[in-house]
Structures are given as structure tokens and as C-alpha cells.
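Asks: Input: one structure, supplied below.
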Amino acid sequence: GQQVMQIPQYQHVQEGEDFTTYCNSSTTLSNIQWYKQRPGGHPVFLIQLVKSGEVKKQKRLTFQFGEAKKNSSLHITATQTTDVGTYFCAGRRSSNTGKLIFGQGTTLQVKP
Amino acid sequence: DAGVTQSPTHLIKTRGQQVTLRCSPKSGHDTVSWYQQALGQGPQFIFQYYEEEERQRGNFPDRFSGHQFPNYSSELNVNALLLGDSALYLCASDGGYGYTFGSGTRLTVV
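Those protein sequences? They're chains A and B, same order as listed. Note that the numbering used here numbers the first sequence so that position 11 is 13, with each residue one more than the last. Note that the numbering used here numbers the second sequence so that position 81 is 86, with each residue one more than the last.
Next up, the structure:
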């Protein structure tokens with residue numbers, strides 16, 4: 003079945019350092035979404051990527067969708083303590099009605 | 006606020022018992038998905054409801070069943086609870102661009 007893998011599982015950085023998490027799917031995706039879950043909270047939608055090679059930015063966050071639409075990345079520039087949490091990618095294999103499959107997440111810790 | 010509402014927030018049940026979790030989606034959202042999130046893991050897809058029908062299902066046994074009502078609210082039922090069913094159960098409503106999750110129900114099976 004469809005699988006979505008994320009690396010690394012954990013990342014500890016010093017405040018101000020950059021952070022990147024990578025997401026790989028076993029199948030071609032129609033779109034990929036990213037979510038952030040704070041400790042004790044629930045996933046919160048960040049962004050959706052649809053097009054091959056698409057790049058989107060939200061302030062210090064940069065999201066990329068691979069050319070083959072099987073991988074994606076999230077890069078945070080100059081991390082802040084408010085960036086702490088677990089970042090999940092989630093992919094859909096077909097159309098906007100397909101089930102959304104989540105990766106296992108990358109947990110980011112930021113040391114002040 | 007017209008966010009996703011889940012109840013109860015916490016629940017403790019004994020092995021073998023049955024449980025019903027409830028979800029009211031965001032206003033105007035007609036599609037509801039249920040996820041199980043074990044500690045330290047990503048959300049695992051249970052099933053999705055649209056127009057009162059189960060549209061898609063993940064790899065969960067038949068002990069997990071659901072329902073969607075005409076007002077789009079939904080229930081998740083789990084029968085014959087096992088210790089391994091202890092998890093955070095998340096409901097998500099789909100407005101066509103990203104899911105809105107509820108705060109979840111923390112189920113503990115003892």
C-alpha cells in the first residue's frame with residue numbers, strides 16, 4: 003500500500019540554525035500537504051503543494067514538491083523556539099477525494 | 006468559532022468494552038476523516054465519510070466502524086477494545102484545501 007516516509011525522526015538545533023525535513027512517497031502523489039503539531043496539540047495545516055517542482059514560501063518556511071511528485075521537503079531558516087513541534091507531510095495518491103496518508107513526522111527541538 | 010469539535014476529550018475504558026467518539030466538522034465541510042495517532046507516531050487513516058457513506062477505509066479491523074449524520078457530524082465506534090487501541094483519535098474535516106483537525110479524544114484502555 004501507499005507509504006509516506008519522513009527523515010529525520012528527530013532534530014535538535016540551536017536557535018538561529020536552519021532545519022530541513024524530507025518526505026518520500028512510495029507512489030506518485032497528486033498533492034502533498036504539510037502539518038505542524040505542537041506538543042499536546044493536534045495537527046494544524048500549513049500548506050498544500052500540487053504541481054511538479056512547486057516551491058512555496060511562508061515567511062521563514064520553504065516548501066518544495068519534487069519533479070516526480072514523490073518527494074517533498076520543508077526548510078526552516080533561522081529557527082526560533084516557536085518552531086518547536088512535530089512536522090508531518092501527508093500525501094494523496096489520487097484526486098482531492100483520496101485518503102490522506104501521513105508520514106511519521108519529524109520532531110524539532112530548538113535550544114534557546 | 007466554527008472549528009472541528011470532538012467529544013469527549015478524554016476517556017478511560019476497560020478491555021472488551023465498546024466506545025463511541027463524536028465529531029462535529031467545521032461549518033460547511035461535508036467530508037469527515039478519522040485518524041488514530043499513537044504516541045510518537047503519525048496519524049493513521051481509519052476511514053472517511055462523505056454524504057453519510059464510508060468512502061474510503063484504512064487498514065483497521067471491522068471493530069472500527071463509523072457513521073455520518075445528515076448534518077455532517079460523525080461518530081467513530083470501536084468494539085471489543087484492546088490495550089493497543091489506546092491512542093489519540095482525531096477527526097478532520099475537509100474543506101477542499103487542507104484538513105482542519107479537532108483537538109482529539111484521548112482514549113486509554115486498561
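Glycine is no exception: its CB is placed at the ideal position from the N, C-alpha and C atoms.
DSSP three-state label for G89 (chain B), please.
Replies: Residue state, collapsed to three classes: helix.
Asks: In terms of residues, what are the limits of the beta strand (DSSP E) holding H72 (chain B)?
Replies: Residues F69 to Q73.
Asks: Would DSSP call D85 (chain A) helix, strand or coil?
Replies: Helix.
Asks: Step through the CB atoms of chain A and report whether any lies within less than 9 Å of the CB of F106 (chain B).
Replies: Judged by the 9 Å Cβ criterion, F106 (chain B) is in contact with chain A.
Asks: Taking the alpha-carbon positions, what's the I9 (chain A) to K53 (chain A) distance?
Replies: In a straight line, the C-alpha of I9 (chain A) is about 22 Å away from that of K53 (chain A).
Asks: Could one say the Cβ of K59 (chain A) lies closer than 9 Å to chain B's Cβ atoms, at least one of them?
Replies: It does not: the Cβ of K59 (chain A) has no partner Cβ on chain B nearer than 9 Å.
Asks: So which residues of chain A does L95 (chain B) contact, with C-beta pairs closer than 9 Å?
Replies: The contacting residues are H44 and P45.
Asks: Tell me, please, whether the stretch 65-74 of chain A touches the stretch 63-82 of chain B by the rule of three or more beta-carbon pairs shorter than 8 Å.
Replies: No, the stretch 65-74 of chain A is not in contact with the stretch 63-82 of chain B.
Asks: Who are the near neighbours of S28 (chain A) in its chain, counting only those whose CB is closer than 7 Å to its CB and skipping five residues on each side?
Replies: Closer than 7 Å at the Cβ level, and outside the excluded window around S28 (chain A), lie Q4 and Q5.
Asks: DSSP three-state call for Y77 (chain B): helix, strand or coil?
Replies: DSSP places Y77 (chain B) in coil when its eight states are reduced to three.
Asks: Is it buried or exposed, Q11 (chain B), if we count other Cβ atoms within 10 angstroms and call 16 or more buried?
Replies: When all chains shown are included, Q11 (chain B) counts as buried.
Asks: Using a beta-carbon distance below 9 Å, is P48 (chain B) in contact with chain A?
Replies: So, interface residue.
Asks: State the Cα-Cα distance for the pair G109 (chain B) and S38 (chain B), rounded to the nearest angstrom.
Replies: The alpha-carbon atoms of G109 (chain B) and S38 (chain B) are separated by roughly 12 Å.
Asks: Comparing alpha-carbon positions, which option in A:P45, A:F21, A:Y24 and A:H14 lies nearest S98 (chain B)?
Replies: Cα-wise, what sits closest to S98 (chain B) is A:P45.
Asks: In three-state DSSP terms, what is T36 (chain B)?
Replies: The answer is strand: DSSP assigns T36 (chain B) an E or B state.
Asks: Looking at chain A, is there any beta carbon in it that lies within less than 9 Å of the beta carbon of G109 (chain B)?
Replies: So yes, G109 (chain B) belongs to the interface.
Asks: Beta carbon of V115 (chain B), beta carbon of I51 (chain B): below 9 Å?
Replies: Not a contact, by the Cβ cut-off of 9 Å.
Asks: Kindly say whether G103 (chain B), judged by its beta-carbon, lies nearer than 9 Å to any beta-carbon of chain A.
Replies: With 9 Å as the cut-off, G103 (chain B) counts as an interface residue toward chain A.
Asks: Any beta carbon of chain A sitting closer than 9 Å to that of D6 (chain B)?
Replies: Unreliable placement is indicated for D6 (chain B), whose pLDDT of 47 sits below 50; the coordinate value is still reported in the next sentence. No, its Cβ sits nowhere closer than 9 Å to a Cβ of chain A.
Asks: Please confirm if Y37 (chain A) has its CB atom under 9 Å from at least one CB of chain B.
Replies: Chain B contact via Cβ: present.
Asks: Whose Cβ in chain A lies nearer than 7 Å to the Cβ of G89 (chain B)?
Replies: Correct list: empty, because the minimum Cβ distance to chain A is about 17 Å.
Asks: State the DSSP-derived secondary structure class of K31 (chain B), mapped to helix, strand or coil.
Replies: K31 (chain B) falls in the coil class under three-state DSSP.
Asks: Which of the residues in the stretch 54-73 of chain B, read from start to end, lie with their CB under 8 Å from any CB of chain A?
Replies: Taking 8 Å as the Cβ-Cβ cut-off against chain A, the residues of the stretch 54-73 of chain B that qualify are Y55, R60, Q61, G63 and N64.
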